Amino acid sequence: MLKTTLNFQPNRLSEAAMLASRQMWLASLGAAVVTRDWVQTEAGDVFKTLVKEGTVVESRAIRFVGDRIENSVSVANTVWKQTRRTVESTVKQAADTAVSIAQQVLPKSLPSFELPLAAKARRSAAKPAKKAVKRTAKVARKAKRTVKATTKRA
C-alpha cells in the first residue's frame, strides 16, 4: 500500500488567505481614491456634458411629439369638417326629398294650420317688441313732464 503524504501546513494557508483579503482591501481603497480623484477633476465636466446632451435629446423629443400631435389634430379637424359637411348635405337631401314627395302626394287644397312651436316662437318674438314700444312711450311721457316742469320754473 502506498502512503501519500500531503504537505498540509495550516500556517501557510492562513497567511495566504490573509494576504489575499488584505490585497482585496487595498484594491478597494485604491479604487475609492481613484474614483474620488476622478469625481473631483473630470466628473464635473463629464456630468455637464451629459446634461447638455440630455437637454438636446429632450428638446428633439418634445418637438417630435408636438409635431405629431399637431398633425393628428389637423387631420382630426379635417375629418370632422368633412363629416359635418357630409351629414349636412345628406340631411338636406333627405329633407328636400321628403318635401318633394309630400308636395306630390298631398292634395293642393289642404286647409292651412299653424304648428304650435311656430306660433309660440312668433308670440315670444312679438312680446319684446311690445315691451320696447311701452318703454319708449314711458320715456317720452317722462321727457314731456321734465320739459313742462322746466318751462314752468322759467
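Numbering of the sequence shown is given in this note's numbering, commencing with residue 4 and proceeding in unit increments.
Cβ coordinates follow ideal geometry from the N, Cα and C atoms, glycine included.
On a predicted model such as this, the values are computed, not experimentally measured, just so you know.
Could you spell out the range, first to last residue, of the alpha helix (DSSP H) harbouring residue i?
| i | result |
| --- | --- |
| GLN43 | Run containing GLN43: none; DSSP gives neither H nor E here. |
| LYS55 | 47 to 108 |
Pull up the distance between the alpha-carbon of residue i and that of residue j, whole angstroms please.
| i | j | result |
| --- | --- | --- |
| ARG25 | LEU32 | 11 Å |
| ILE65 | VAL59 | 10 Å |
| THR139 | ALA146 | 11 Å |
| GLY57 | TRP83 | 38 Å |
| PHE67 | SER75 | 12 Å |
| PRO62 | VAL37 | At residue 62 the sequence reads Ser, which differs from the Pro that was named. Cα-Cα distance, rounded: 35 Å. |
| LYS55 | GLY47 | 12 Å |
| SER115 | VAL108 | 16 Å |
| GLN96 | GLN85 | 16 Å |
| SER77 | THR89 | 18 Å |
| MET4 | ALA30 | Per-residue confidence for MET4 stands at a pLDDT of 49, beneath the threshold of 50, marking its modelled position as unreliable; the derived number appears in the next sentence. Rounded to the nearest angstrom, the two C-alpha atoms are 48 Å apart. |
With hydrogens ignored, establish whether the beta-carbon of residue i is closer than 6 Å to any heavy atom of the ligand NAP.
| i | result |
| --- | --- |
| VAL90 | Judged by which ligands are present, the structure shown has none, so any question about the ligand NAP falls away. |
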